[in-house]
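>
Residue numbers (the working numbering), protein chains in the order written: chain G, 3 to 418; chain X, 7 to 300.
1. Could you check where the alpha helix (DSSP H) with residue 202 of chain G kicks off and where it finishes?
2. With DSSP as the reference, label residue 34 of chain G as helix, strand or coil.
3. What residues in the stretch 230-263 of chain X have a beta carbon less than 7 Å from any beta carbon of chain G?
4. Name the residue from G:317, G:417 and G:334 whose alpha carbon lies nearest to the alpha carbon of residue 356 of chain G.
5. What distance in whole Å lies between the Cβ atoms of residue 310 of chain G and residue 384 of chain G, which are believed to be in contact at a cut-off of 8 Å?
6. Relative to the C-alpha of residue 297 of chain X, which residue among G:295, G:331 and G:253 is closest?
7. With 8 Å set as the bound, which would you pick, yes or no: does the beta-carbon of residue 186 of chain X sit closer than that to a beta-carbon of chain G?
8. Return the chain-ordered ranges of every alpha helix (DSSP H) run that is complete within the stretch 258-319 of chain G and spans a minimum of 4 residues.
9. Of all the options G:34, G:329 and G:17, which has the alpha carbon lying nearest to the alpha carbon of residue 239 of chain G?
10. Tell me which residues of the stretch 252-273 of chain G have at least one Cβ-Cβ distance to chain X shorter than 8 Å, keeping chain order.
11. Could you round the C-beta distance between residue 94 of chain X and residue 73 of chain X to whole angstroms and report it? I think they count as a contact, below 8 Å.
12. Assign residue 69 of chain G to one of three DSSP states: helix, strand, or coil.
13. Quick one: is residue 9 of chain X near chain G, going by C-beta distance under 8 Å?
14. Take the Cβ of residue 124 of chain G as the centre, count every other Cβ of all protein chains shown within 10 Å, and call the residue buried at 16 or more, exposed below.
15. Would you be able to state if there are at least three C-beta pairs under 8 Å between the stretch 260-274 of chain G and the stretch 202-217 of chain X?
16. Quick one: is residue 216 of chain X near chain G, going by C-beta distance under 8 Å?
17. Quick check: the stretch 21-30 of chain X against the stretch 226-233 of chain X, are at least 3 beta-carbon pairs closer than 8 Å?
18. Looking at chain G, is there any beta carbon in it that lies within less than 8 Å of the beta carbon of residue 143 of chain X?
19. Helix, strand or coil for residue 259 of chain X? Go by DSSP, reduced to three states.
20. Tell me the rounded alpha-carbon separation between residue 178 of chain X and residue 59 of chain X.
21. Might you give, ordered along the chain, the residues of its own chain that have their beta carbon closer than 8 Å to the beta carbon of residue 234 of chain G, omitting 5 neighbours on each side?
22. Once the 5 residues before and after residue 288 of chain G are set aside, which same chain residues still bring their CB inside 7 Å of it?
23. Expressed to the nearest angstrom, what Euclidean distance is found between the alpha-carbon atoms of residue 341 of chain G and residue 211 of chain G?
24. If the cut is a Cβ gap below 7 Å, which residues of chain G does residue 330 of chain X touch?
25. Could you tell me if residue 165 of chain X is buried or exposed, where buried requires 16 or more neighbouring beta carbons within 10 angstroms of its beta carbon?
26. Is residue 108 of chain X helix, strand or coil by DSSP?
27. By Cβ distance below 7 Å, which residues in the same chain neighbour residue 286 of chain G in space, the five residues on each side in sequence not counted?
28. List, in chain order, every chain G residue whose beta-carbon is nearer than 7 Å to that of residue 28 of chain X.
29. Between residue 166 of chain G and the rest of its own chain, which residues show a CB-CB distance below 6 Å, the 5 nearest in sequence each way excluded?
30. Once you ignore the five residues that flank residue 119 of chain X on each side, which residues in its own chain have a CB closer than 6 Å to its CB?
31. Name the two residues that bound the continuous beta strand (DSSP E) containing residue 362 of chain G.
32. Check whether the Cβ atoms of residue 324 of chain X and residue 241 of chain X lie closer than 8 Å to each other.
33. Whether or not the stretch 24-40 of chain G and the stretch 212-227 of chain G are in contact is what I'm after, with contact meaning three or more pairs of Cβ atoms, one per stretch, closer than 8 Å; do they touch?
34. Should residue 214 of chain G be labelled buried (16 or more other beta-carbon atoms within 10 Å of its own) or exposed?
35. With burial defined as no fewer than 16 other Cβ atoms inside 10 Å of the residue's Cβ, what is the status of residue 79 of chain G: buried or exposed?
36. Considering only C-alpha positions, which residue in the set X:237, X:99, X:211 and X:163 is nearest to residue 36 of chain X?
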């Protein structure tokens, strides 16, 4: 090691010790982003900010929350909501951000699907992103239990009970997960641990991984055009900023992110102050009661589509019980989007508007997911059950047909 | 332009989803009920008879004070809450404020036939009888006199909390109104001991601390005015509160259960104002930076 003479408390000194100038170049000023992007490219920073809001508001809530079935409800609804200065603000921020983060995740995810940003070199971005989705889902589910209201309790009972489905019952899985035969104090405390420690830790780790996976393949652009980053970067650095097809992460890309973020924050805080019931279900302001089942049990809106695939197959068929089929479809739905890079058989990276059959596939998928979401909340009776059944069928058919549809597009283009 | 089109598509699908899981789903799960009726049109009330408060005073002293206290008129409680709950099933109300809280036609109908007026005939079956006997045998004029007397002794106004205490607290607690961390009995616990009220009602009446959040303003008004509309078969009686008294009850539930409501309403616009200023600077900065690259 060369001896460093410069003071630790100077830019030069820090650079000698930590190579901060090089680091700044690699991560900020010479981290190249395509210029041909729209506001959907800013949603990564919007998500990172929303996660930061969740962490900060969560820390404040953690100071007063009590993970005990006798104390939890009052610690939230009395201590935090009525007594602590601005406790209500932190709770509303936390609850609304938990819901809105999923809206942005879904938009972010379908941006990736629309522009083909999951394949041919970008698989790791997609896979780490889907891992984030799964851990965020677990984070959302475990957090929903903590206020210990009626919906906390019954959603926990219904969802943990999935692990008693079919032959899983014989393994004693559900008792192991709950720490007892029913959802109880041990369940609350362990979900509290997951929610405030293990899962956030995993989320932070995977966010770092997700950022890392972006750095080498670079993000996609609106026309999925192939960019020679070295040549374009050279143009930019030589001063031909207008001609270059790329921009640096800092300050150009982030200046646009902050502009989009500012609009998002207005929308978000409007919801926090004036329109929060969608994210904080009124039913959950009744204390948990194992003896009284609510008239309607449903998960938060962002789980409804996969919940509906569970309820969709409502009658026995193919020699199997309805419940078992539902469980299998539900299990598939959790990982369905993870396999997209492998069932897309088109060798080119193109946005959906340049892949006519895939374009139709894409919009049917969006509409089907919305139908599943809405019917996932409605009581599954009469015609509702059939809508759920067919929407589930369409969901499965979309995945089965994807290899053929993407191949047909490639053939029509002459790429295969 | 292209960005605005994309934004329009995103907003459209977001709103469709929102509409589906909120207004639409809730309209399917919670059918609409008629607005509250504060005239109590359906009851056999005063039918236009005007009462004489002085005569009413004698009738009340002879017929009512064996069970009911009237602190305002010098009739103290006959026994403590626990004993009277044991005797009647539920603590009988003090009548000092009844003339203010309850609609006069409803009061008359209630005195004539409590079960019918409260719409609780389904709860008093199999030998169970309402603790207050029906006074339908009285002359309509006498009943009008009693109502006139109750109105004459009632105070001109009460605080929201007093209305809640007199109208609801015999059966319902609202512990956040006086929260005790040490486990001692809250002054806002139900006056009738829980085992008595549970056997009287068939079910423990819920603590109302968070009902303003779990049910909301509109539902509470519709429910209190006529519980059967939202919850057919409930043992909760229709109590006949006037519109003003009912508003005070809901106001008290808001003070207790949603105490930050005013602060929230005041802080919201400030937050949004700050963010609009932030947005203006963010867009100006973005425009400046991008002018160099476009």
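Beta carbons are placed, not taken as given, at the ideal position from N, Cα and C, and that holds for glycine. Keep in mind it's a predicted model, so treat the numbers as computed, not measured.
From the atom records:
1. Segment 201-217, the alpha helix (DSSP H) holding residue 202 of chain G.
2. In the three-state reduction of the DSSP assignment, residue 34 of chain G falls in the strand class.
3. From the stretch 230-263 of chain X, no residue has a Cβ closer than 7 Å to chain G.
4. In terms of Cα proximity to residue 356 of chain G, the closest of G:317, G:417 and G:334 is G:417.
5. About 15 Å separates the Cβ atoms of residue 384 of chain G and residue 310 of chain G, ruling out a contact at the 8 Å cut-off.
6. Comparing C-alpha distances from residue 297 of chain X to each of G:295, G:331 and G:253 shows the shortest one belongs to G:253.
7. False, the Cβ-Cβ gap to chain G never drops below 8 Å.
8. Runs of the alpha helix (DSSP H) inside the stretch 258-319 of chain G: 306-313.
9. Per the Cα distances, G:34.
10. The residues in question are 253, 254, 257, 258, 260, 261, 263, 264, 265, 267, 268, 271 and 272.
11. Contact between residue 94 of chain X and residue 73 of chain X holds: CB atoms are separated by about 7 Å, below the 8 Å threshold.
12. Residue 69 of chain G: coil per DSSP, three-state reduction.
13. Chain G contact via Cβ: present.
14. Classification for residue 124 of chain G: buried.
15. Contact between the stretch 202-217 of chain X and the stretch 260-274 of chain G is absent, because fewer than three Cβ pairs lie under 8 Å.
16. With 8 Å as the cut-off, residue 216 of chain X counts as an interface residue toward chain G.
17. The stretch 226-233 of chain X makes no contact with the stretch 21-30 of chain X; the number of CB pairs closer than 8 Å stays below 3.
18. No, its Cβ sits nowhere closer than 8 Å to a Cβ of chain G.
19. In the structure shown, residue 259 of chain X adopts helical secondary structure according to DSSP, grouped into three states.
20. Spanning the two alpha carbons is a distance of roughly 32 Å.
21. Around residue 234 of chain G, the same chain offers 34, 246, 247 and 248 as residues with beta carbons nearer than 8 Å, after the five sequence neighbours per side are excluded.
22. Within the same chain, and ignoring the five residues on either side of residue 288 of chain G in sequence, the residues whose Cβ sits closer than 7 Å to its Cβ are 151 and 152.
23. Looking at the two C-alpha atoms, the distance is approximately 19 Å.
24. No answer is possible for residue 330 of chain X: the residues shown for chain X start at 7 and end at 300.
25. With fewer than 16 other Cβ atoms within 10 Å, it is exposed.
26. Of the three classes helix, strand and coil, the one that applies to residue 108 of chain X here is strand, per DSSP.
27. If we look at residue 286 of chain G and ignore the five residues flanking it on each side, its Cβ neighbours are 149, 151, 152, 153 and 154.
28. In chain order: 280.
29. Counting only Cβ-Cβ distances below 6 Å, and skipping sequence neighbours, we find 176.
30. The answer, listed in chain order, is 140 and 142.
31. Here residue 362 of chain G belongs to no beta strand (DSSP E); instead the alpha helix (DSSP H) covers 358-379.
32. An answer regarding residue 324 of chain X cannot be provided, because it is not within the stretch 7 to 300 covered by chain X.
33. By the Cβ test, the stretch 212-227 of chain G is in contact with the stretch 24-40 of chain G, since at least three Cβ pairs between them sit closer than 8 Å.
34. Exposed, because fewer than 16 other Cβ atoms sit within 10 Å of the Cβ of residue 214 of chain G.
35. It counts as buried.
36. Comparing Cα-Cα distances from residue 36 of chain X to each of X:237, X:99, X:211 and X:163, the minimum goes to X:237.
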